[in-house]
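The numbering of the sequence shown is full-length UniProt numbering, which starts it at 1 and goes up by one. Each residue gets a CB set at the ideal place from its N, CA and C atoms; glycine is no exception. Here the structure is a predicted model, which is why all the values come from computation and not from measurement. Read through the structure below, which is laid out as structure tokens, and then see the notes.
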Amino acid sequence: MSGAEFVAVIGAISSVITIVESCHKITKIIRQGPNEFLKNLEPHIDLLAHDIQQLRRLDLRSPRHIFLNGVLGGCKGYLEQLTTLIEEYKEATNTNVPYSKRFVRALRASKLQKDIQNTWTIISEYRSTITLHLAVHNSINALPAPNSDTKGLFGLPPRNDKHIRRQNVLDTILHAIRNDNSRSCILSIFGVGGIGKTQIALDLCYQVQHQYSVVVWIRADSDVRITESITSFANLLSKGGRSLCTMEDSLAFIKTVAKTRTRPWFFVFDDYGSTTALPSICSAVMDGCQQDVVLTTQRDKPSWGSAIEIPPMSEDDGLQLLLRDSLLSLGPDDLNSARHLVRDLGGLPLAVAQMAAYLNSSGKPIHNVLQEFLGTQHTLSLTERQRQSSYSSSLDDSFKLAFQEIRIADTNLFDFLLQLSVFDPDGVNESLFQNYFLSLRSRGDYLPGYYTLFCRNGEWSSEQFLDATMRLSAFSVIQMSSERDTLLIQMHRLTQGALLKSVDQSILLREVFRAAAIISASLSMEDWEGFALSYRRLLLGNIRQWVDMRTCHIKTPSHVRMHSGILEGYQTDMATFLAFNDEEELAERLLLDALQLQSSELGDSATLTSTTMVSLANLYLEATDLDKAETFTTRLAEVNQQANVSKPSLQLVPLLLRGQLEMRRGELGKALQTFQNCSEFYGTAFGAYDLIMSAFLVNGAEILLIQGELEDASQLLYDAQCIAQASTDSLSLTCRVKWNIARLSALKGEYVRAVRNYQDLIEDCRLRFGTQNPRWRTLHCELGDVYRELGIPAKSEDCYRNGSATVARKRRPVKVEPTDISQALLHGCFRGGRTFLDC
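What follows is the structure, encoded as structure tokens:
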């Protein structure tokens, strides 16, 4: 053994000991206090320790095991990292700490939980490598010597404990083998993907293993894999006596050994394709003296040898597989639905197993899942029939085809509308969709979820259909357009032309809403921070034009009822964008007008007025009109409660607004508690550590900056910055994190770093928003504070002048006030999860 190999062996032995000790340490930490998340991890840790213990039985000095040193070293490193994370997580979830510390730790706990999951995923991959090595080692030891008549298994994959044994099919295959007239048997089993060919072949291997000297499993999807398996098998037969590297040498050695045996061999070539190696292998293995068997599994029926087509599962076997792990209590109706599912899945074991996993993970009743499946099957078959028909290139047909795709996916509607090249919602044939809707409802069939866009109170609505198609087509035009500025100019001219013509009210309203659709689609496509200044100005001009048109032509409650969905979705998008660009009065006018019309006709409704209330509350928080902000925050919570809103994101909004209101009023302890409730609620509902959660981190950091708890604030900002850098979805979040880091540097007395950060923020603001906005003024005031502390009065005065600072503001010490926190930035952080159709 060389010096390097000796070091590797010592390292492997040391790693085994260290890993086992680390597993015991982690188990001990987990058992120190009740924690559901860590409790679920404990059995996996025990299994890892058990697998590592098995390595002690191996001779790690053998060249066969040398590579384990690297695997064990990597596993040890990540296990040490996991230990540290678990210790931090236990500390973060400790409630016996002061309140402010508890809030910081609660936010940290969400991130640590995600880190623990990611680290364990990596460790699980190391464990898989180790268990695979152990399995191969055990297979090698089980393989008999060349002249031995005892059974041996080579290369068999692990058995699936959830597999349903199909004995009738096995009996058919065994009957064909026994009745084969030739001395040696070549048999193929074939069938569609997912029919269970591999599992049947595996069951057969274990059933006949006592009748054959060797049972060999070869992955045969390519010549390369066959060569690897055959050379490995030949080297194992040689028991280290030879080093066989080529297919020719391996087959020659196998042929020599085959002549000395006294019992037959059983070969399985799994997933056999268009390879050319099988004839030469058969000639080497089958010497004619033994009744050897070569079994292939493949998709298509071969042109040689005997073949058996694998049939679908029987209904009883399928039912057993579907309900094997079910935790639901089942009645007669449920069993009938389950049988129906098995039949509709074609008796394919893979499909039935996937459906069983869906049933167990979703927890839905079987009859509900059956209805969903039947609806999907119906639309798939309908789509296929329509695709086989000839269509003209009219817009009606484009929409029809697009919506057929929507019926299949039912997830993201406008992705399927990008193919539309003509923007003319008036040309959509409503009857195509209405007739399908009425037909499904009359039969009680599953109705695709997107049809709610076309209905009001469960009934078909022509107005809703118009609004929905207008939204979808507007978004498709925006997505297709490479020059959005040009598109908006064309839209502006189109609308002006409609105003100048003598057209009736209904056509004019369509033109008004078409203009709104394109504007709002633009606002919903991306974070507002990403808009160029020129594009922002163009949008503002078009919004002002639309507001004037809307005021003139949408006056009555009947118009509100006709276009309620569009009204709120478009107006709140536009109003919030106006407020973001220092147009608070116009934004307030638009929102209050919309709310008054909606409430007068329909009353406070969570589906129609909640978004308007959120926008108004944000607007008043930004303007520090806290009494009005509280009024709409309270109304929003009441509306959601009365409407029994269950969507987690909607339940979260009133809490967020309440926390911002408390922060602006200086009630920092209450605000901390509210934001902690938000983070816990979000973590429970979504289990994610993403942009939304990072916004909670920044919320907490801003309160801690106001309180002067800089170290805790620094940790939260660091975590939020890591998320912001890993994502490009929210530039407003990135700006908000950077802004608070600049404040943190100033509060710590790191003025040079603070100046650099503020200058970057100011330049970004100039390029994106110009110089006449609240952000520009606040940034300059804060930079003026930093220059004042550096003793550079001239630069300080210049900054105060640009920031329109009052005398009192100039004299304020370096600190953070609640009014310094821009509500517009907060709103921008929560736009990442919205889509145009959420309006």
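Go to F266, then tell me how far its alpha helix (DSSP H) extends in each direction, as first and last residue. No alpha helix (DSSP H) contains F266, which is instead part of the beta strand (DSSP E) from W265 to D270.
If you reduce the DSSP assignment to three classes, tell me which class I52 lands in. helix
Could you pull out every residue in the same chain whose Cβ sits closer than 7 angstroms to the Cβ of L744, ignoring the five residues on either side in sequence? L705, L710, A713, S714 and L717
Quick one: using the 10 Å Cβ neighbour count with 16 as the cut-off for buried, is A606 buried or exposed? With a pLDDT of 41 at A606, under the threshold of 50, the modelled position of that residue is not reliable, and the figure given next carries that caveat. With 16 or more other Cβ atoms within 10 Å, it is buried.
Whole angstroms is fine: what's the gap from K255's alpha carbon to T297's? 24 angstroms
By alpha-carbon positions, which one of E125, S694, F253 and V294 ends up nearest to L72? E125
Throw me the rounded Cβ distance for the L202 and L156 pair, which I believe falls under 8 angstroms. 7 angstroms
Residue range of the beta strand (DSSP E) that includes L202: Premise fails: L202 lies in the alpha helix (DSSP H), K197 to V208, not in any beta strand (DSSP E).
Flag I741 as yes if its beta-carbon sits less than 8 angstroms from any beta-carbon of chain C, otherwise no. In the structure shown, chain C does not exist; there is a single protein chain.
Please report the residue range of the beta strand (DSSP E) in which L295 lies. V293 to Q298
6 angstroms CB neighbourhood of V755 in its chain, flanking five on each side removed: V786
Specify, as a first and last residue, the run of the beta strand (DSSP E) that S188 falls within. C185 to F190 is the extent of the beta strand (DSSP E) around S188.
For L350, I'd like the list of residues in its chain whose CB is within less than 6 angstroms of its CB, leaving aside the five on either flank, ordered along the chain. G194
Between L590 and M613, is the Cβ-Cβ spacing less than 8 angstroms? The answer is no: Cβ separation not under 8 angstroms.
Just to confirm, is the Cβ distance from P312 to G273 under 8 angstroms? no
First and last residue of the uninterrupted alpha helix (DSSP H) at I173: Its alpha helix (DSSP H) spans residues Q167 to R178.
State the Cα-Cα distance for the pair T43 and C23, rounded to the nearest angstrom. The amino acid at residue 43 is misidentified as Thr; the sequence shows Pro. Distance between the alpha carbons of P43 and C23 is about 11 angstroms.
Using the DSSP secondary-structure output, state which residues sit across from E309 in a beta bridge. Answer is F190, bridged to E309.
Cβ-based burial, residue 840 [other Cβ within 10 Å; buried from 16]: Since the first residue shown for the chain is 1 and the last is 839, residue 840 is missing from the structure and cannot be characterised.
Taking Cβ positions, are L783 and C765 nearer each other than 8 angstroms? no
For R261, I'd like the list of residues in its chain whose CB is within less than 6 angstroms of its CB, leaving aside the five on either flank, ordered along the chain. S213
My guess is that A233 and Q113 are in contact by the Cβ rule of under 8 angstroms, so how many angstroms apart are they, rounded? Correcting the residue identity first, residue 233 is Phe in this sequence and not Ala. 46 angstroms between Cβ atoms; not a contact.
For the beta strand (DSSP E) holding W217, just list the boundary residues, first then last. V214 to R219
Just the C-alpha distance for L668 and Q676, rounded to the nearest angstrom, thanks. Those two C-alpha atoms are separated by around 12 angstroms.
Residue of L48, E87 and E585 minimising C-alpha distance to K76: Nearest C-alpha to K76: L48.
Closest to E789 by C-alpha separation, out of F769, R812 and R801, would be which residue? R812
Inter-residue spacing [alpha-carbon to alpha-carbon] between L636 and P654: 7 angstroms
First and last residue of the uninterrupted alpha helix (DSSP H) at T84: For T84, the uninterrupted alpha helix (DSSP H) run begins and ends at L68 to A92, by DSSP.
Y758 to A623, Cα distance in whole Å? Y758 and A623: Cα-Cα distance of roughly 23 angstroms.
Using the beta-carbon count (16 or more within 10 Å), is N69 buried or exposed? buried
Sequence-distant residues of its chain with Cβ nearer than 7 angstroms to V342 (five each side left out): Result list for V342: E315, G318, L319, L322 and V352, in chain order.
State the beta-bridge partners of F154 as determined by DSSP. The partner list for F154 (beta bridge, DSSP) reads V216.
For G659, count neighbouring Cβ atoms within 10 angstroms of its own Cβ and tell me buried if that reaches 16, exposed if not. buried
What residues in its chain sit with their C-beta under 7 angstroms from that of E80, if we drop five residues either side in the sequence? S22
Residue environment, A701, which counts as buried when at least 16 other CB atoms sit within 10 Å: buried
Separation of V814 from T131, as counted between CA atoms: 60 angstroms
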